[in-house]
Amino acid sequence: MDKNAKALLEKIAGLEQAAKRGLQINEELQQPLAEGQVISVDYCNATLKSCDLFRKWFSEYVGS
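First residue of the sequence shown: 1, per this note's numbering; consecutive thereafter.
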């Protein structure tokens, strides 16, 4: 895999980790925070789905 492809996948991995951390924070909250103070569960889940879809397309494109 070339350097640019690897860097792109690393950025996607970072985005996935951020979304997973957002889900974890939402689970740990004792009381819901006001809108805008924490990323919503729906947004985190949508981000993870988008990352999965991107990885699928990327794999199809590079043939791995």
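The beta carbon of each residue, even a glycine, is placed where N, CA and C say it ideally should be.
Taking the alpha helix (DSSP H) that Gln-24 falls in, what are its first and last residues?
3-28
For the candidate residues Ser-50, Asn-26 and Ala-13, whose alpha-carbon lies nearest to that of Val-41?
Asn-26
Could you pull out every residue in the same chain whose Cβ sits closer than 7 Å to the Cβ of Phe-54, ignoring the five residues on either side in sequence?
Ile-12
Are Cys-51 and Leu-15 close, meaning C-beta to C-beta below 8 Å?
yes
Nearest to Leu-23 (by Cα), restricted to the options Met-1, Phe-58, Glu-60 and Ala-46
Ala-46
Below 8 Å on the Cβ atoms is my contact criterion, and I expect Leu-48 with Ala-19 to pass it. Report the Cβ-Cβ distance as a whole number of Å.
5 Å
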